[in-house]
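Asker: Pasting in a structure now, in structure tokens, and then I'll have a few things to ask.
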Amino acid sequence: MQTVFFDPTRTYDDNFDNGPFPQLANEAPKRKITKKYKFLDFEINLPFGIPAGPLPTSKHIKAAFDYGFDVSHYKTQRSTVFPVNQFPNVLYIDVEGDLTLEKAKKPLVGRSEMTKDPKEITITNSFGNPCRGTEFWQEDMKKAVSYEKDGQLMIASVVGTIKKGFSDEDYYDDFAYTAKLANETGVKVIEVNLSCPNVANEGIICFAPDAVVAICRKSKEAIGNTPLLAKVGYFSKDQEELLETIIKKTKPFVSGWAAINTIPAPVVDTQGNQALPGPNRLQSGICGASIKWAGIDMVRRLTMIREKLGLDFGIIGVGGVMTPHDFFEYRKAGADVVQSATGAMWNPNLAHEIWQEENRK
Ligand SMILES: Cc1cc2nc3c(=O)[nH]c(=O)nc-3n(C[C@H](O)[C@H](O)[C@H](O)COP(=O)(O)O)c2cc1C
């Protein structure tokens, strides 16, 4: 089964230098531009796209826009060169039904072969937020922004990097510095990635309220009028108050929330050994069909908090969107924009299918 945009059977560098695979642009489906939707203050044709990850260069962004993924992210960038985790970076995961938090505590089997229909797959992805350096990505991001067409929006995702001797405060400043570099490219919206596993030895940083507030405040100060989004992981039921507290405290800085990233779980091979090669890779982020429940649950809770506090932040719903039906479920839950990483990688026509269904109504 062939993937598009990002091909996980090839190395990250091969995808980066030679992708997207296959070369798609001339086959892009035709459609009428209607711009019926708004996200933040931007007019949007279809409130659907690809989140940070499968689109690592301007060439990938161009292909996604050509295919009607109208709100798409350029992959998360850093302030410094950073290596990619050892290949392979993607495995298919055996999960029956929803990947609940209980199920995610126990080891899951990862395989290199797909055993399910592509609409039902669950995968793990583990890249480590690689970066070719700021000179490369700033230039390339400018090009990517220039590919935005009428009713389309590109979002830049950034993350801080812990450098030798850094205090917590230095680390938060590094998020802001990277956001500033992204802002210099002319991109219209910037997202801080607060949901990467095991950063700052704090676990996933979105659950540390002081860190989140500091990162959002500093990043917003660094980018001025450009809207700031924050991407978070899944907050469990007993973290509900924490989520509301974080939203209240970051209110002056954050224009929108994106949820969710992956659900971390231990991934093993059929013998029970760590499946992905290299240190610290037993625990790995899980995405695709089996995490949809968590993305939808977060969108519902963000919607409730938005109403309760009388706020108007934007909501991007992500996780397990494999079909047009999943898109409409997210919209019903309150998502202003919906995105798909795994689903889009295995179906380049997903945006077009949604657009057709939307226009049939
Ligand atoms: C190949 C791949 C690379 C990813 N890289 C990033 C990344 O750089 N930054 C980020 O915030 N999320 C990254 N993600 C997570 C996705 O943005 C998304 O939150 C997650 O995969 C859940 O959506 P899905 O079920 O549609 O895949 C990546 C996902 C995939 C599949």
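Residue numbers (my numbering): 737 to 1097.
All C-beta atoms, glycine included, are put in the ideal place defined by N, C-alpha and C.
(1) Would you say the beta carbon of Gln-822 comes nearer than 8 Å to a heavy atom of ligand 1?
(2) Output needed for Asp-753: all residues of its chain with C-beta closer than 7 Å, excluding positions within five of it in sequence on either side, in chain order.
(3) Report the option in Pro-988, Leu-1038, Phe-801 and Ser-1026 whose CA atom is closest to the CA atom of Pro-787.
(4) For Leu-1098, does the three-state DSSP call read helix, strand or coil?
(5) Which same chain residues end up closer than 6 Å to Lys-1099 when comparing Cβ atoms and leaving out the 5 residues on each side of it in sequence?
(6) Taking 9 Å as the CB-CB cut-off, is Thr-1059 touching chain B?
(7) Specify, as a first and last residue, the run of the beta strand (DSSP E) that Gly-1053 falls within.
(8) Of the choices Leu-1086, Pro-843 and Trp-1082, whose alpha-carbon is the least far from that of Phe-1063?
(9) Considering only the alpha carbon of each residue, which of Lys-987, Ile-983 and Ile-1041 lies closest to Ala-1069?
(10) Using 9 Å as the threshold, is the C-beta distance between Pro-945 and Ile-982 below it?
(11) Can you tell me whether Gly-789 sits near ligand 1, meaning its C-beta is under 8 Å from at least one heavy atom of the ligand?
(12) For Arg-847, which three-state DSSP category applies?
(13) State yes or no: is the C-beta of Leu-964 within less than 9 Å of the C-beta of Glu-905?
(14) Thinking C-alpha only, which one of Gln-1092, Thr-1078 and Glu-1093 is nearest Asp-853?
(15) Taking only the alpha-carbon atoms, compute the straight-line gap between Thr-1039 and Gly-896 and give it to the nearest angstrom.
(16) Can you grab the Cα-Cα spacing for the pair Asn-934 / Ile-898, in whole Å?
(17) Please confirm if the segment 822-837 is in contact with the segment 1015-1029, defined as three or more CB-CB distances below 8 Å between the two stretches.
(18) Closer than 8 Å: is that where the CB of Gln-874 sits relative to any heavy atom of ligand 2?
(19) Can you tell me whether Phe-911 is helix, strand or coil according to DSSP?
(20) How about Ala-1001: is its Cβ closer than 8 Å to a heavy atom in ligand 1?
(21) Using a 10 Å radius around the Cβ and a threshold of 16 neighbouring Cβ atoms, would you call Ser-815 buried or exposed?
(22) Does the distance between the C-beta of Val-817 and the nearest non-hydrogen atom of ligand 1 fall short of 8 Å?
(23) DSSP state of Phe-872, grouped into three classes?
(24) Taking only three categories from DSSP, how would you classify Leu-1038?
(25) Does Ala-994 come out as helix, strand or coil in the three-state DSSP assignment?
Answerer: On the basis of the coordinates in this document:
(1) As a position in the sequence shown, residue 822 is number 86, starting the count at 1. Distances taken from the Cβ of Gln-822 to the heavy atoms of ligand 1 include none shorter than 8 Å.
(2) For the purposes of this step, residue 753 is taken as the residue at position 17 of the sequence shown. In the same chain as Asp-753, and ignoring 5 residues on each side of it, no C-beta atom comes closer than 7 Å to its own.
(3) Position 51 of the sequence shown, counted from the start, is the residue given in the question as residue 787. With distances taken between Cα atoms, Pro-787 lies closest to Phe-801.
(4) For residue 1098 there is no data in the structure shown, the boundaries of the chain being 737 and 1097.
(5) The structure shown does not extend to residue 1099, since the chain spans only 737 to 1097, so no value can be given for it.
(6) The chain labelled as chain B is not found in the depicted structure, where only one protein chain is given.
(7) For this step, residue 1053 is matched to residue 317 along the sequence shown. Run containing Gly-1053: 1050-1054, per the beta strand (DSSP E) assignment.
(8) Position 327 of the sequence shown, counting from 1, holds the residue named residue 1063. Minimum Cα distance to Phe-1063 is reached at Leu-1086.
(9) To locate residue 1069, count along the sequence shown from 1; it is residue 333. Of the candidates Lys-987, Ile-983 and Ile-1041, the one whose C-alpha sits nearest the C-alpha of Ala-1069 is Ile-1041.
(10) Counted from its first residue, the sequence shown places residue 945 at position 209. Counted from its first residue, the sequence shown places residue 982 at position 246. In this structure, Pro-945 places its C-beta atom within 9 Å of the C-beta atom of Ile-982.
(11) Here residue 789 corresponds to residue number 53 of the sequence shown, with the count starting at 1. Indeed, a heavy atom of ligand 1 lies less than 8 Å from the Cβ.
(12) Position 111 of the sequence shown holds residue 847. It is a strand residue.
(13) Here residue 964 is taken as the residue at index 228 of the sequence shown, counted from 1. Here residue 905 is taken as the residue at index 169 of the sequence shown, counted from 1. Contact: no.
(14) As a working note, residue 853 is residue 117 in the sequence shown. Of the candidates Gln-1092, Thr-1078 and Glu-1093, the one whose C-alpha sits nearest the C-alpha of Asp-853 is Thr-1078.
(15) Within the sequence shown, residue 1039 is the residue found at index 303, counting from 1. Within the sequence shown, residue 896 is the residue found at index 160, counting from 1. Distance between the alpha carbons of Thr-1039 and Gly-896 is about 28 Å.
(16) Counting from one through the sequence shown, the residue named residue 934 turns up at place 198. Counting from one through the sequence shown, the residue named residue 898 turns up at place 162. Legend: pLDDT at Asn-934 = 43, less than 50; position of this residue unreliable, value from coordinates given subsequently. Between Asn-934 and Ile-898, the alpha-carbon positions lie close to 11 Å from each other.
(17) Counting Cβ pairs under 8 Å, three or more are found: they touch.
(18) As far as ligands go, the structure on display features ligand 1 and does not contain ligand 2.
(19) Residue 911 sits at position 175 when you count from the first residue of the sequence shown. Of the three classes helix, strand and coil, the one that applies to Phe-911 here is helix, per DSSP.
(20) For the purposes of this step, residue 1001 is taken as the residue at position 265 of the sequence shown. In this structure, Ala-1001 has its CB at a distance of at least 8 Å from all heavy atoms of ligand 1.
(21) On the sequence shown, residue 815 is found 79 positions in, with the first residue counted as 1. Buried, by the Cβ-count rule.
(22) Position 81 of the sequence shown, counting from 1, holds the residue named residue 817. No, the beta carbon of Val-817 sits no closer than 8 Å to any heavy atom of ligand 1.
(23) Sequence index remark: in the sequence shown, residue 872 carries index 136 (1-based). Helix at Phe-872.
(24) For the purposes of this step, residue 1038 is taken as the residue at position 302 of the sequence shown. Of the three classes helix, strand and coil, the one that applies to Leu-1038 here is helix, per DSSP.
(25) Sequence index remark: in the sequence shown, residue 994 carries index 258 (1-based). Here DSSP, grouped into helix, strand and coil, assigns Ala-994 to strand.
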